[in-house]
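The structure under discussion appears below in the form of structure tokens.
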Amino acid sequence: MIKGLYIATSGMLVNSAEIDVRSNNIANVDTVGYKKENIDVRSFPEVLIERYNDKREFPPFSKDREIIGSMVLATVVNGTYLDKSEGPIHHTGNSFDLALQGHGFFVVQDAEGNEYYTRAGNFTLDRDGQLVTHQGYVVLGSGGPISVPSGAKFTVDSAGDVFIDGTQVDRLRVVDFKTPTYLKRIGDNLYKATKDSGEPVDAQGYVIKQGYLEGSNVNIVYEMVNMIKAYRQFEAGQRVVLTNDETLREAITNIPRTG
Amino acid sequence: MIRALWTAASGMMAQQLNIDTISNNLANVNTTGFKKNRAEFEDLIYQTTAEAGTPVATGLTLPTGIQIGLGVRPSATQKLFMQGNIYQTENPLDIAIEGDGFFQVTLPDGTVAYTRDGSFKLDANGNIVTSDGYFIEPPITIPQNATSISISPEGVVSVKIPGQVAAQNVGQIQLARFVNPAGLKAIGDNLFKETDASGAPIVANPGTNGMGNLRQGFLEASNVQVVEEMVKLITAQRAYESNSKSIQTADDMLRIANGLKR
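Protein chains in written order, with the numbering used here: chain C, 16 to 274; chain F, 849 to 1110.
Here is the structure:
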């Protein structure tokens, strides 16, 4: 009976974690290059249950107590993972907006030289004419930061080659990972490589579109449906807890009276 | 769940800013030389409750960590300096810039501001001024007896004086350009000020050094596209609504949790 209380509670905790994840997705429905987060739930390892009060021999414990099945004692959040599917690509007409179609990430670097990866291609120029993100992190080409002289025409072709006034100066670095699900989100549309994501390798088969941006891949319908699901499961969990509570109360207050 | 409440609140605030920006664009759809703004967002920090790759047993690691995002924040309202439509007015003091560059005007405090709005006027002394009366920089004065003003694509201002055969050169309009125009600060009245992010102005004559050419008798309209703004308005409103549903759900779940104890 007490077991039932804890099992139901673990389910409710999972449901509330799901609501947290869904709300974050909905909050980022307009964030450039945002990849939605999904939640993965697993059960605690199953335990065998055996018949009690049956063939009991002390000592030692008998090995031949009859096993009558197995049960799961709780569910927990196993992990959250990013959904790599592509967001809708829309036209902006701004030449510093770059959309990445296919797998891959742009590479940006902070002032300390740390590299981060992003799908958000809404770049701009800083006061020195370097191509930067909105946090001021420089966007890296294969030859390092990319500088755009004032008034020069900046074009990027589909392979990521950067042209200034028609002359190729660099090529944007676009990288991919062995297992991008291991990438760590650090906010600001950025990802960080981890030991398990693998080292960045040059991406293959991507297409860069200048003057376009990749929107968030959050689908409101999907998020709403999952929110309803988590909400109702949470409600059902509450009923289970209440029923357990009711049974316990019954056991505590009524059984001694009848006995 | 309390997390979800704040997360959704950040989403609603972001969409509010989005709608503020779109409304300002729509309000300026007929403002000469206006450049539209775009609100941009970034995801907030993540709360990592389990790192991906944490060993769970010998030889086994967690394939995915648990990262719960805490919402969204506006990262910038970026000015987009795309060229607006150029339309004919036939007014000799209406000047459009075809290409890069800003007109320079002197503010009453002596500092220089920059504008794409070329609807100039003359003041009582014949000085070329903006609609707000600020002098163009370098100052140009039109003689009182001039009969016509012509401005060449390279910015040379010349006038016809009765009794003279040749046109008289009275000044040169200069343009300023910035490495990062998106870093300029809009101060209203169609004016921009230099900031640390924009870089120092590069001043040159029109048509040289990457500057655009001038077109006399034309004005540059705002670069706001009404259809685009309307679509953005619809999506922003719906996103606002979706976030409010998250708050409602989180609130209902808190109510249910409170109902656990009778």
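Glycine included, each C-beta is placed from N, C-alpha and C at the ideal position.
Taken through DSSP and simplified to helix, strand or coil, residue 142(C) comes out as coil.
Not a single CB atom of chain F sits nearer than 7 Å to the CB of residue 21(C). Under the 7 Å criterion on CB atoms, residue 229(C) is classed as non-interfacial with respect to chain F. Here residue 851(F) is not near residue 890(F), since their CB atoms are 7 Å or more apart. Contact annotation: in the region 931-965 of chain F, residues whose CB is within less than 9 Å of a CB in chain C are 947, 948, 949.
By DSSP's assignment, residue 905(F) forms a beta bridge with 908(F). With respect to the 7 Å criterion, residue 999(F) and residue 1067(F) are not classified as neighbours on the basis of their beta carbons. Within chain F, no C-beta atom comes less than 9 Å from the C-beta of residue 116(C); the nearest is roughly 20 Å away. Among the bridge pairs identified by DSSP, residue 922(F) is matched with 889(F). Taking C-beta atoms under 8 Å as the contact rule, residue 107(C) and residue 197(C) fail to qualify, at a distance of about 31 Å. Secondary structure within the region 93-150 of chain C: the beta strand (DSSP E) runs of 3 or more consecutive residues, fully enclosed, are 104-106, 113-116, 120-124, 130-133 (chain order). When 9 Å is used as the limit between beta carbons, residue 257(C) is near these residues of chain F: 1107, 1108, 1110, in chain order. It is roughly 10 Å from the alpha-carbon of residue 1106(F) to the alpha-carbon of residue 253(C). With a 10 Å radius around the Cβ and a threshold of 16 neighbouring Cβ atoms, residue 1044(F) comes out exposed. Residue 980(F) has a beta carbon lying at 7 Å or more from every beta carbon in chain C.
Less than 7 Å separates the beta-carbon of residue 90(C) from that of residue 29(C). Distances from the CA of residue 195(C) to each of 42(C), 44(C), 137(C), 100(C) were compared; the closest alpha carbon is that of 100(C). Boundaries of the alpha helix (DSSP H) around residue 1088(F): 1074-1106.
Within chain F, no residue has its beta carbon less than 8 Å from that of residue 134(C); the closest one is some 11 Å off.
Against chain C, the CB of residue 1011(F) has no partner CB under 7 Å away; the residue lies outside that interface. Among the CB atoms of chain F, none fall inside 7 Å of the CB of residue 269(C). By the CB criterion at 7 Å, residue 1091(F) and residue 41(C) fall inside the cutoff. For residue 1072(F), there are no C-beta contacts with chain C under 8 Å, since the nearest C-beta of that chain is about 12 Å from it.
For residue 853(F), the three-state secondary structure derived from DSSP is helix.
If you look at residue 40(C), you'll find it in the alpha helix (DSSP H) that goes 17-42. Between the alpha carbons of residue 114(C) and residue 995(F) lies a distance of about 54 Å. At a cut-off of 7 Å between C-beta atoms, residue 1002(F) does not count as an interface residue with respect to chain C. In the pairwise beta carbon analysis, the region 920-939 of chain F is classified as touching the region 1071-1084 of chain F: at least three pairs are separated by under 8 Å. Distances from the alpha-carbon of residue 940(F) to those of 927(F), 1081(F), 1065(F) put 1065(F) closest. The criterion of a C-beta distance shorter than 7 Å is not satisfied by residue 204(C) and residue 139(C). Taking a Cβ-Cβ cut-off of 9 Å, residue 244(C) has no neighbours in chain F, whose nearest Cβ is about 11 Å from it.
Chain C has no Cβ within less than 7 Å of the Cβ of residue 1075(F). The CB of residue 973(F) never comes closer than 7 Å to any CB in chain C; the least such distance is about 34 Å. Not a single CB atom of chain F sits nearer than 7 Å to the CB of residue 223(C). The beta carbon of residue 87(C) lies closer than 7 Å to those of 58, 59, 61 in the same chain, with the five residues before and after it left out. If you look at residue 237(C), you'll find it in the alpha helix (DSSP H) that goes 235-268.
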